[in-house]
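Reading through the structure tokens given below for one structure.
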Amino acid sequence: MSDEIIKEEVSGKDRRSFLNLSIFISFAVAIGGVLYPIAKYLLPTDSTKGTEGGETFFISTDDVPVGSAKLVRYKNRPTIVVRLKENEVYALSAVCTHLGCIVKWHEDAKELLCPCHAARFDLYGNVLGGPAPKPLPTYKAAVEEDRILIREA
Amino acid sequence: MNELRLGPILIRNRFLISIYNFVENRLGIKEILDLEVFYKLAPSYLGIFSCFGGITFFMFTLQVVTGILLLVYYIPTTAQAYDSVVHITNNVPFGWLIRGIHHWGANIMIITVFIHMGKIYFHGIYKNPRELNWVTGIVLLTCTLSFSFTGYLLPWTQLSYWATVVGTEIPSAMPVIGDYIKIFLRGGADVSQITLTRFFAVHIMVLPAAVIMFIVLHIIMIRRQGISGPL
Ligand code: HEM
Ligand code: FES
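Protein sequences, first through last, are from chains A and B.
Heads up: the first sequence begins at 546 in our numbering, then just goes up one per residue.
Heads up: the second sequence begins at 1306 in our numbering, then just goes up one per residue.
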């Protein structure tokens, strides 16, 4: 290596180091331009969760006999559908507002009971007892022919 | 040591040199990296059309990368395939871009593969001693076309469905074995979930494995025989 090159490198202001820096920056921009969309694509956001296109969601009435309840995923959240009578259905978030356990339907008491610390809710989401601080969010539910439709309240 | 020469590449960055030394001291990679391929200049008679094999290879790597990214959100069931593809296009950030590259890349790859083949044909490069490389090339062409045929079904649109119905119907015109081939391709009498599942398997596992193997053979043969002479 000649002395001249060493001097140029030390000063860092010559044409060669400028070109090297430009090449480095171009590569960095090119690589960043590829990695940025890929990272955005892979990182989960609200828009990447759940594939339901519309707001309404339905299940077959056969899946929920009268007097029983079924746990479904609506808008990618655990949701409990309760069929009280032939044409009377309720849909609520099944996530307990206390510490997030999944509430269960108790047919004999006609209420939702959380198995973790015994919070109790009615079918409108109201807290009947236990440590839950807030009511359960509810959705609109209706029987239409052989389907139960669930909509945002 | 404050500079390192690997073929025509001169490295002066101390950090890169120390990484190189670390690996070199343990694995002795100098022989591998110092291959004469580094010193070889492309003959001046090679023109733009000689680039299309390499361009096709580049297109394939692009399809592999974008294809794997699509797999992250694609769902191969008749109930959800279309929704998942719409979801990729409309909701996932840059999903439109990844899918667009895969979609257009597939089309461009067909074009580049044919230009490559045309050059080999019109320049008579397929002749002795390169017949075997022509054969691996035909296998790669067949695989590329099969990639497109199987990939086209995956979004499960009306267009995909009927294209597959018609496409799998074609072999049934053959006497005796025709119907068996059709049923084998479809996995049943008609195009169904089973067809989607096997096309998916072929598209993302069988064909990539086959193409990678044949590309390796293709390149090894080129390296053994050297690039062909001018017309
Ligand atoms: C490892 C390699 C590959 C993987 C993992 C892969 C994966 C996929 C997936 C998941 C889809 C469905 C998503 C969609 O339709 O947009 C798809 C579609 C498709 N693929 Fe691939 N693919 C690969 C390579 C290729 C190659 C080499 C070609 C053609 C030369 C190809 C052609 C197509 C076509 C034509 C579609 C339909 C595109 C569309 O409708 O937008 N694929 N592929
Ligand atoms: S989590 Fe439901 S009562 Fe504590």
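Ideal placement from N, C-alpha and C gives every residue a C-beta, glycine not left out.
#1: Where does B:E1537 sit, in a helix, a strand or coil, going by DSSP?
#2: Closer than 7 Å by beta-carbon distance: list the chain A residues that pair up with B:V1496, in chain order.
#3: Tell me whether the beta-carbon of A:T606 lies closer than 8 Å to the beta-carbon of A:R692.
#4: Measuring straight from C-alpha to C-alpha, what distance separates B:V1418 and B:R1310?
#5: Taking the DSSP output, what are the residues bridged to A:I625?
#6: Quick check: B:F1505 and B:L1459, are their CB atoms within less than 8 Å of each other?
#7: Compute every distance between the C-beta of A:G670 and the non-hydrogen atoms of the ligand FES, then say whether any falls below 7 Å.
#8: Which partner residues of A:E689 appear in the DSSP bridge assignment?
#9: What separation, rounded to the nearest whole angstrom, lies between the Cα atoms of B:G1456 and B:L1437?
#10: Would a C-beta distance cut-off of 8 Å place B:D1454 and B:G1472 closer than the cut-off?
#11: Check the Cβ of B:G1400 against every Cβ in chain A and list those closer than 8 Å, keeping chain order.
#12: Near A:L629, what residues of its chain come up, given a Cβ to Cβ distance below 8 Å and the 5 sequence neighbours on each side ignored?
#13: Measuring only the C-alpha atoms, how far is B:I1520 from B:I1532?
#14: Count the CB pairs spanning the segment 1397 to 1409 of chain B and the segment 1369 to 1382 of chain B that are closer than 8 Å, and state whether there are at least three.
#15: Along the beta strand (DSSP E) that carries A:G674, what are the first and last residues, could you check?
#16: Who are the neighbours of A:S567 on chain B, taking C-beta pairs under 9 Å?
#17: Listed from N- to C-terminal order along the chain, which residues in the segment 1477 to 1507 of chain B have their beta-carbon within a distance smaller than 8 Å of any beta-carbon of chain A?
#18: What residue range does the alpha helix (DSSP H) around B:F1435 cover?
#19: Applying the 10 Å Cβ sphere with the 16-neighbour rule, what's the burial state of B:G1410?
#20: Would you say B:I1337 reaches chain A, if we count a Cβ-Cβ gap shorter than 8 Å as a contact?
#21: State yes or no: is the C-beta of B:C1448 nearer than 7 Å to some heavy atom of the ligand FES?
#22: Quick one: is B:M1479 buried, meaning 16 or more other Cβ sit within 10 Å of its Cβ, or exposed?
#23: Using only the alpha-carbon positions, how far apart do B:T1394 and A:K685 sit?
#24: I need the straight-line Cα distance from A:L564 to B:L1315, nearest angstrom please.
#25: Starting from A:H651, follow the beta strand (DSSP E) in both directions and report where the run begins and ends.
#26: Using a Cβ-Cβ distance under 8 Å, would B:V1397 count as near chain A?
#27: How close, in whole Å, do the beta carbons of B:C1448 and B:L1512 come, if the pair is a contact with beta carbons under 8 Å?
#28: Counting only C-beta atoms, is B:T1366 closer than 8 Å to chain A at any point?
#29: Which term fits B:Q1368, buried or exposed, when burial requires 16 or more other beta carbons within 10 angstroms of its beta carbon?
#30: To the nearest angstrom, how far is the alpha carbon of A:C659 from that of B:V1391?
#31: Decide if A:R560 is buried, meaning its Cβ has at least 16 other Cβ atoms within 10 Å, or exposed.
#32: Take the Cβ of B:V1481 as the centre, count every other Cβ of all protein chains shown within 10 Å, and call the residue buried at 16 or more, exposed below.
#33: Can a CB atom of chain E be found closer than 8 Å to the CB of A:P610?
#34: Could you list which residues in chain A have their beta carbon closer than 7 Å to that of B:I1403, in chain order?
#35: So is the beta-carbon of A:H651 under 7 Å away from any non-hydrogen atom of the ligand FES?
#36: Quick one: list the residues of chain A neighbouring B:L1309, beta-carbon separation under 9 Å, in chain order.
Looking at the atomic coordinates:
#1: Residue 1537 of chain B falls outside the range modelled here, since chain B spans only 1306 to 1536, and no answer is possible.
#2: Chain A residues near B:V1496: none, gap ~23 Å exceeds 7 Å.
#3: yes
#4: 36 Å
#5: A:L616, A:L637
#6: yes
#7: no
#8: A:R692
#9: 28 Å
#10: For the record, residue 1454 of chain B in the displayed sequence is Phe; it is not Asp. Their beta carbons are under 8 Å apart, which means B:F1454 touches B:G1472 by this criterion.
#11: Y586
#12: V611, G612, Y635, K655, L668
#13: 16 Å
#14: yes
#15: 672 to 674
#16: Chain B residues near A:S567: none, gap ~16 Å exceeds 9 Å.
#17: none
#18: In the sequence on display, residue 1435 of chain B carries Arg and not Phe. Run containing B:R1435: none; DSSP gives neither H nor E here.
#19: buried
#20: no
#21: no
#22: exposed
#23: 30 Å
#24: 15 Å
#25: 649 to 651
#26: yes
#27: 5 Å
#28: no
#29: buried
#30: 37 Å
#31: exposed
#32: exposed
#33: Reference to chain E is not applicable here, since the protein chains of this structure are A and B.
#34: Y586
#35: no
#36: Going along chain A, no residue has its Cβ under 9 Å from B:L1309, so there is no contact; the nearest lies around 12 Å.
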